[in-house]
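Read through the structure below, which is laid out as C-alpha cells, and then see the notes.
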Amino acid sequence: MQSTSHAFKDNARAALANQTLQKALTNVKSGFIGKRAKARDRLPEFDDLRDAARDIKNHTLANLDVYLERYEEKVTASGGHVHWAPTAEDAVKAVLDICKRVDARVVTKGKSMISEEIALNQAMEEAGLDVVETDLGEYIIQLRKEPPSHIIAPAVHLTKEQVEADFRHHHTELPPERQLSEPVQLVAEARQMLRRRFLEADVGITGANFLVAETGTSIIVTNEGNGDLTQTLPRVHIVVASLEKVVPTLEDATTILRVLARSATGQEFSSYTTFSTGPRRAEDLDGPEEYHVILLDNGRSNMLGSEFQDMLRCIRCGACMNHCPVYHAVGGHAYGWVYPGPMGAVLTPNLIGVDEAGHLPNASTFCGRCEAVCPMRIPLPKMMRHWREREFERHLSPPTVRFGLALWAFFARRPKLYHAVTGLQARLLGYFGRAGGRFDALPFARGWTKHRDFPAPEGRSFQQLWAERQRDEKRASRR
Amino acid sequence: MADATTAEGQPRVGLFVTCLVDMMRPSVGFAAVKLLEDAGCRVEVPAAQTCCGQPAYNSGDRADTRALAAQTIAAFEGFDYVVAPSGSCAAMLRKHYPALFDGDAAMKTKAEDLAARTYELVSFLTDVRGVTSVDSRFAGKATYHDSCSGLREMGVQAQPRQLLASVPGVEMTEMVENDVCCGFGGTFCVKYADISNKIVTAKTDHILATGADTLLAGDLGCLMNMAGKLQRRGSKMQVRHVAEVLADMTDQPAIGESADERARRKA
Chain B
-15 MQSTSHAFKD NARAALANQT LQKALTNVKS GFIGKRAKAR DRLPEFDDLR DAARDIKNHT
45 LANLDVYLER YEEKVTASGG HVHWAPTAED AVKAVLDICK RVDARVVTKG KSMISEEIAL
105 NQAMEEAGLD VVETDLGEYI IQLRKEPPSH IIAPAVHLTK EQVEADFRHH HTELPPERQL
165 SEPVQLVAEA RQMLRRRFLE ADVGITGANF LVAETGTSII VTNEGNGDLT QTLPRVHIVV
225 ASLEKVVPTL EDATTILRVL ARSATGQEFS SYTTFSTGPR RAEDLDGPEE YHVILLDNGR
285 SNMLGSEFQD MLRCIRCGAC MNHCPVYHAV GGHAYGWVYP GPMGAVLTPN LIGVDEAGHL
345 PNASTFCGRC EAVCPMRIPL PKMMRHWRER EFERHLSPPT VRFGLALWAF FARRPKLYHA
405 VTGLQARLLG YFGRAGGRFD ALPFARGWTK HRDFPAPEGR SFQQLWAERQ RDEKRASRR
Chain Y
-6 MADATTAEGQ PRVGLFVTCL VDMMRPSVGF AAVKLLEDAG CRVEVPAAQT CCGQPAYNSG
54 DRADTRALAA QTIAAFEGFD YVVAPSGSCA AMLRKHYPAL FDGDAAMKTK AEDLAARTYE
114 LVSFLTDVRG VTSVDSRFAG KATYHDSCSG LREMGVQAQP RQLLASVPGV EMTEMVENDV
174 CCGFGGTFCV KYADISNKIV TAKTDHILAT GADTLLAGDL GCLMNMAGKL QRRGSKMQVR
234 HVAEVLADMT DQPAIGESAD ERARRKA
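This is the structure in C-alpha cells:
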C-alpha cells in the first residue's frame, strides 16, 4: 500500500473538516469503550491474564527461532507447506505462484491486515484474479476501493447511509425498491451477494491470529463466519501471517484469546474461533486439498533486540486506537498507511521507515490511555518517545522546533539566568495582560491562540515572590 | 528517614514548583506551601530548580533531559519528600528519571532515590500525610478533570475528590469522560494545533454540559488549555488549580479571568 504518512498533518486537517467522517467516528467511542470496560469488570482475573499473555509473548519472542522451526515442522508433518517470506514482494510472489499453479480464477479472502501490508489484492487483480473480500467491512471498502481505517473494524469510518449508497450503486441486479436502511438489511444483502462467491472460489486466503508451534495450527477469530467459508470451501487455503504470530502451545493461545476479544469488542469470545491444521485428511468431510502458510518478516526481525521488540507482542485487538483521543479526532486513514492509532504510530515507522512515518509517533499527547488498556501491556507511549529520540538524533525534527528547544534548554540548564528571564517574562506578560486577564493573540504562540485564549501570568514569578517572603521572614525574626 | 526530619518531627519537603506555576501562576505554589505546612511539613524551595525536562524528553532530546534531571536531582538532595503541584511533573521525576541514567549506576541510584521521595501534591497530603479534610470554604458547583499523568502514572483520582468533599460550599458534579485527555500534551497542542483543538472542544463540551461554574484540575498545563478554550467559547466559568480551592486561596482572579469579570463575579 502506498503510504501518505508523511502528509499526516494534511490528512488530519481534511479528516477534521469531513463532517460525515466525524459523524461516523462517534461510533468508535460508543461502540467499543464501554463494552471493553464491562467485559474487563466481569472478569476478576483480567489483569492477571494480561500479565500471563505478556509473559507468553515475551518468552516466545526470546526464543522465536526455535518456535518458528517447530511450527514449520508440525505444519509439514500435517501435510501443509510453509513459505518463508523475508519481504512483502516475496510474500506476494508466493501467493501468486500458488494461484497460478492451481489455475485459480476466483479468490475469496478473510480479513487480513498482513494482506493489506503487502498490497496483496492489487497484485492479484493485476495478475487477472477475481478477488473477493468476504468480511463485511472489508467487502464494503473493497467496493469503495479504500483501505481499512481500523484494524478490526475496517469500515468504521463510514456511516450506514454511505454503505447503503454503495450497495445500491454496485448491486444493480437487485430490485431498486428494496429496503436497505437498517444494518441488518445491509448484512443480509452482503451475505446474499457473497454466498455464490464462496462456492466459486478456487483459493481462500485468511490471516491468522495465532500460529501454534506445538501443533502447526493456525487460528482465526471472526464474528461473521466468513473466515470458515473462506478456508474450508476452496481447493486451496493460504494463510498469510507475520512471524510474531507464533505461540508455543494451544494452552498459550487460549490464554491470550481470553484477553483478545474482551479488549477488542468486549465479547468474552468471538463468535467463531477456528483452528486449521493442514489440508483435508482422508476421513475429513470437508476442507482444502492444499494448505499453505506464508510467513512474513518484512522488517519484524529487525525489531528483535531493539527498543521496539515489545511491539511484537501486539495481537491486533484495536483497543489502543479505540481509546485514543487522536484517533477519535482524525480516524484511521489520516495515519496514511495500514496500521493506525497508537500501535500504528510505533509499528509503521519500523516497517516503512521513520523518514516516511515520522509524524505518527509525534502526534500523541502521551495521555497513556493506550498503554492502560493494552491487553499485552505494550508501553506504547514509551516506544513513540523512542522514535522521537531517533528523529531528534538524526535531525529529522523541524529546525524551528529544534531551535526553540535548544534556546529553552540553554536557559533551563542555568537556574539563575532562567529565573531572571522567566521573572521578566512574567512581569511583561502580566503587565500587558492584567486588565484583560488573557490574550486572544500572541505573536510567538499562534498555534495556541489560533484556537484558544492564552491566560495572562499573574505578574511575578513564584521564585521571586518566595525569595522576598524568605527575606521578610528573616528580617522579622531579627527584630 | 527520621534522622532527616527537623527537631519538631516535621518532615522536610522540597517544593518542586514546576515551570508553569513559577511563571504563570505563583499563587498555586503558595497554595501548595500552605497545604503542606498545614499538613505539618516544613517547606523549602530550592532555587536551583527550573523545569523537570519534559519538553526536551518528549521531543526526543535525551542530552538536555538528562542534564535537567541531574540538575533537579542535585537541587532536591536531602529532602524527606519532593512534592509538585502537578501529576505530570511529579510523574516525570518519579517514573521517568531513573531510566534516563541506565548505564550510569551512580546517577541511577540518585535518580531512584529521588523517585522514591517524589509525590504529586494532593495525593501526598492524603496518602502520605493522612490528611482527610482541609480548612477552607468555597461557594461553587465544581467539576474536576483528571489529568492524564496524574491519573494513569500517579494514581490520582479519589484523593482530590475526597478533600474537595471536606470543603463547605463545594458542590461536585462529574463531567462525562473526566478521564479523557484535554488535548494539551505539552508541545503537542501547538505542533498539532488542529487535532488538539478538536480534543479540547470535545472536552469543553463535556465541561459545559455539567452546568458547573468552576473547573478544577491538578495540572496547570491542562488548566490553561481548557481555560483558554472555555474563554474563547465565551464561557465565564472559573478555572482553578485544585490546590487554590483546598488552601482557601481563591481571592486572585481565576485562570485567564479579567479584572472586570472577577469584579462582576464577586458582586
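As they're listed, the protein sequences go chains B and Y. With the working numbering applied, the first sequence corresponds to residues -15 to 463, in that order. With the working numbering applied, the second sequence corresponds to residues -6 to 260, in that order. All residues carry an ideal CB built from backbone N, CA and C; glycine is no exception.
Can you tell me which of the three DSSP states residue i falls into?
| i | result |
| --- | --- |
| R5(Y) | strand |
| K93(B) | strand |
| F117(Y) | helix |
| L408(B) | helix |
| T257(B) | strand |
| V12(B) | helix |
| I135(B) | coil |
| A(-5)(Y) | The predicted position of A(-5)(Y) is uncertain, since its pLDDT is 40 and thus under 50; a value taken from the coordinates is nonetheless stated next. Here A(-5)(Y) sits in helix by DSSP. |
| F72(Y) | coil |
| Y323(B) | coil |
| T249(B) | coil |
| F94(Y) | coil |
| A72(B) | helix |
| E208(B) | coil |
| E173(B) | helix |
| E161(B) | coil |
| T433(B) | helix |
| D(-6)(B) | helix |
| E170(Y) | coil |
| E291(B) | coil |
| C358(B) | coil |
| N47(B) | coil |
| Y311(B) | helix |
Does the beta-carbon of residue i have 16 or more other beta-carbons within 10 angstroms, so that it is buried, or is it exposed?
| i | result |
| --- | --- |
| Y415(B) | exposed |
| D(-4)(Y) | Here D(-4)(Y) scores only 43 on pLDDT, less than 50, and its place in the model should not be relied on; the value that follows carries that caveat. With fewer than 16 other Cβ atoms within 10 Å, it is exposed. |
| H138(Y) | buried |
| K458(B) | exposed |
| P28(B) | exposed |
| A107(B) | buried |
| V169(Y) | exposed |
| T102(Y) | exposed |
| F182(B) | buried |
| L408(B) | exposed |
| D212(Y) | buried |
| Q(-14)(B) | exposed |
| D25(B) | exposed |
Give me the residue from the options with the minimum Cα distance to residue i.
| i | options | result |
| --- | --- | --- |
| V170(B) | V147(B), K(-7)(B), L158(B), A103(B) | Note on residue identity: the sequence assigns Leu, not Val, to residue 170(B). Closest option to L170(B), Cα to Cα, is V147(B). |
| V385(B) | L279(B), N346(B), P363(B) | N346(B) |
| F376(B) | S52(Y), A63(Y), G227(Y) | S52(Y) |
| Q293(B) | L244(B), M368(B), A356(B) | M368(B) |
| G2(Y) | S228(Y), G204(Y), M100(Y), C34(Y) | C34(Y) |
| P91(Y) | M242(Y), D106(Y), R225(Y) | D106(Y) |
| Y50(Y) | A174(B), K400(B), L288(B), W371(B) | W371(B) |
| D120(Y) | F94(Y), S81(Y), L156(Y) | L156(Y) |
| A205(Y) | V26(Y), G143(Y), A132(Y) | A132(Y) |
| M219(Y) | Q245(Y), S81(Y), N190(Y), A240(Y) | N190(Y) |
My understanding is that residue i touches residue j, with C-beta atoms under 8 Å, so please give their C-beta distance in whole angstroms.
| i | j | result |
| --- | --- | --- |
| T249(B) | K19(B) | 6 Å |
| A247(Y) | Q231(Y) | 4 Å |
| S62(B) | G262(B) | 3 Å |
| T58(Y) | Q42(Y) | Actually they do not touch by this definition, with Cβ atoms about 15 Å apart. |
| P131(B) | V330(B) | Contact doesn't hold; Cβ gap of about 19 Å is too wide. |
| G421(B) | E254(Y) | 7 Å |
| M305(B) | G325(B) | 3 Å |
| F194(B) | A237(B) | 4 Å |
Pull up the DSSP beta-bridge partners for residue i, would you.
| i | result |
| --- | --- |
| Q231(Y) | T207(Y) |
| H67(B) | I278(B) |
| E164(Y) | K134(Y) |
| D25(B) | D25(B) pairs with nothing; no bridge assigned. |
| E37(Y) | G7(Y) |
| F423(B) | F438(B) |
| H221(B) | G188(B), Y275(B) |
| V385(B) | Its beta-bridge partners do not exist; DSSP assigns none. |
| L195(B) | S202(B), V230(B) |
| T111(Y) | V75(Y) |
| V115(B) | V91(B) |
| query | Which of the residues in the segment 32 to 53 of chain Y, read from start to end, lie with their CB under 8 Å from any CB of chain A? | reply | Any reference to chain A falls outside this structure, whose protein chains are B and Y.
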